[in-house]
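Numbering (my numbering), first residue to last: 79 to 170. Even glycine gets a Cβ: it sits at the ideal position worked out from N, Cα and C.
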Ligand SMILES: [Zn+2]
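Here it is, written out as structure tokens:
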């Protein structure tokens, strides 16, 4: 019987493409694009802007937004249901 070894490293094959949502971006990308991150609490609607640079230094430049969201907590009510939104700086 042949054992099928999972490949190490990299992404699993056959992942769905064409769904490059904002969650696929990592902090490094956001820094490169000069975007700002706004976090909104789903519970109390408290909003705060986050520094991508500060987050990247703390959590890593390859941290995705989806992973980042799990680390965040509302500073007002303590809920973990935080929505992230990226804002593009105005360009001319
Ligand atoms: Zn809150």
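Q. Considering only residues of the stretch 100-126, which uninterrupted alpha helix (DSSP H) runs meet the minimum length of 4 residues and lie entirely inside it, listed in chain order?
A. If only uninterrupted alpha helix (DSSP H) runs of at least 4 residues are considered, those enclosed by the stretch 100-126 are 105-111.
Q) In its own chain, which residues sit with a C-beta less than 7 Å from the C-beta of residue 126, not counting the 5 before and 5 after it? A) Sequence-distant partners of residue 126 (beyond 5 residues in either direction) whose C-beta falls short of 7 Å from its own C-beta, in its chain, are 117, 153.
Q: Have a look at residue 108 and residue 142 and give me their C-alpha separation to the nearest angstrom.
A: Answer to the nearest angstrom: the Cα atoms are 10 Å apart.
Q. What is the DSSP secondary structure of residue 163, reduced to helix, strand or coil?
A. If DSSP states are grouped into helix, strand and coil, residue 163 belongs with the strands.
Q: Could you check if residue 94 is buried or exposed, using at least 16 other CB atoms within 10 Å of its CB as the buried criterion?
A: Model confidence at residue 94 stands at a pLDDT of 45, short of 50, so the residue's coordinates are unreliable and nothing is read from them.
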